[in-house]
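Residue numbers (the numbering used here), protein chains in the order written: chain A, 6 to 138; chain B, 6 to 138; chain C, 6 to 138. Here a beta-carbon is modelled for each residue, glycine too, at the ideal position from N, C-alpha and C. Have a look at the structure below before the remarks.
This is the structure in structure tokens:
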């Protein structure tokens, strides 16, 4: 089963918790056990699994990615001015694979699934592909 | 099939080879062909595939991750003092997906599966989900 | 179904678009819907999904990875002199998981699958494992 979520981002860079929306896709399907492949069809955004208890964690991730890959590096050639976003997307990755059991995500106590916007604000998509097994 | 391994780490940061334990899970299952999704339910640890021939490789990875993301960055806000571990976990990733053929992992000559501890020592878990195909 | 591609690289570091070859593997199989796990059995190479419209994007990625992880770091211990390539491989990751629908890859408008060589030139492999679902 393949379903596509729309995520509206509101800043150039932000991490948005989409755990509940992915859990709802699973609950709405007839797949009770297997895996969920969450996939971003963009080249300046990604997906990561991180802590959702303290919002300072995602703030620190965005701060550090910016410190490592500043947007205004004069050696970037790509004319659109968003090479930093492409690089951050490749470092974070464009998909996460999750375990599904009893129609629910198998997540750690502090884990949430974050959509990582690196070149917004934009309207984005996340594909959720469920495999039975 | 879903099985959970326990990994006891002994230092703040270390890479622990868990290849043999994952191979044993596969041998103990009735799935001879498919994929193995290995998943860490933690936000300050990850999984990576790397060389196991020379221990200097994993030492160099830990050294470089520390150099890129030092623990004592005064701009980190997260009060627990382990923002570096969260960031390293997101850079490395919380899962690896492996190919299974003839009841064995399809690995390259030098490849091993490493549990990456970034905020230990702790007792950690790794979920191993097998899909037939 | 498991098929293995050979990729000949021609420089120490380069990103090679292998999208068409992976699409051909899918078209040549009897799996019309599911996932494709693409896996590199090497520890100094990886796979990433990135933009293929402007070659400056991949050039900027290679430049920045070199800036973050220079080859000649005197603190590297690994005697082969390619610790940078191992670290880049772990940051980028050794596999990508893609969605297959109607016998085709589900990719975003600008997305391509890149083989990432970090210690070439060499003859390399990419395993493509298809799972129905």
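Since residue 69 of chain C meets chain A, which of its residues come closer than 9 Å, beta carbon to beta carbon?
-> For the C-beta of residue 69 of chain C, the chain A residues within less than 9 Å are, from N- to C-terminus, 73, 74, 78, 80, 81, 88, 89, 92.
Of the residues C/32, C/8, C/44, C/94, which one's Cα is nearest the Cα of residue 103 of chain B?
-> The shortest Cα separation from residue 103 of chain B among C/32, C/8, C/44, C/94 belongs to C/44.
Anything in the region 41-57 of chain B with a Cβ closer than 9 Å to a Cβ of chain A? List those residues in chain order, please.
-> Within the region 41-57 of chain B, those residues whose Cβ lies closer than 9 Å to any Cβ of chain A are, in chain order, 42, 44, 45, 46, 47, 48, 49.
For residue 25 of chain B, is the classification buried or exposed, using 16 other Cβ atoms within 10 angstroms of its Cβ as the cut-off for buried?
-> With fewer than 16 other Cβ atoms within 10 Å, it is exposed.
Which residues bound the beta strand (DSSP E) around residue 42 of chain B?
-> Judged by DSSP secondary structure, residue 42 of chain B falls within the beta strand (DSSP E) whose first and last residues are 39-44.
Whole-number beta carbon distance between residue 97 of chain C and residue 121 of chain C, since they are thought to touch under 8 Å | Right, their Cβ atoms sit about 5 Å apart.
Identify, in the order they occur along the chain, each residue of the same chain with its Cβ nearer than 6 Å to the Cβ of residue 23 of chain A, setting aside the five sequence neighbours on each side.
-> 118, 120, listed in sequence order.
Boundaries of the beta strand (DSSP E) in which residue 91 of chain A is found, first to last residue = Element bounds for residue 91 of chain A: not the beta strand (DSSP E) but the alpha helix (DSSP H), 88-97.
Chain A within 8 Å of residue 102 of chain C, Cβ atoms only = The C-beta of residue 102 of chain C comes closer than 8 Å to at least one C-beta of chain A.
Give the interface partners of residue 137 of chain C over in chain B, defined as CB-CB distance under 8 Å, in chain order.
-> Identification of chain B residues near residue 137 of chain C by a Cβ-Cβ cut-off of 8 Å yields 138, ordered along the chain.
Helix, strand or coil for residue 77 of chain B per DSSP?
-> Judged by DSSP in its simplified three-state form, residue 77 of chain B adopts coil rather than helix or strand.
Chain B residues whose Cβ lies nearer than 9 Å to that of residue 110 of chain C | Counting only Cβ-Cβ distances below 9 Å, residue 110 of chain C has no contacts in chain B at all, with the closest Cβ about 16 Å away.
At least three beta-carbon pairs within less than 8 Å, the region 80-94 of chain B to the region 56-75 of chain A | Contact annotation: the region 80-94 of chain B touches the region 56-75 of chain A, with at least three C-beta pairs closer than 8 Å.
With DSSP collapsed to three states, give me the class of residue 22 of chain C.
-> Shown here, residue 22 of chain C sits in a strand according to DSSP, grouped into three states.
Can you give the Cα-Cα distance for residue 17 of chain B and residue 129 of chain B, rounded to whole angstroms?
-> Roughly 13 Å separates the two Cα atoms.
Could you give the distance in angstroms between the alpha-carbon of residue 94 of chain C and the alpha-carbon of residue 107 of chain A?
-> Cα atoms of residue 94 of chain C and residue 107 of chain A: separation of roughly 35 Å, rounded to the nearest angstrom.
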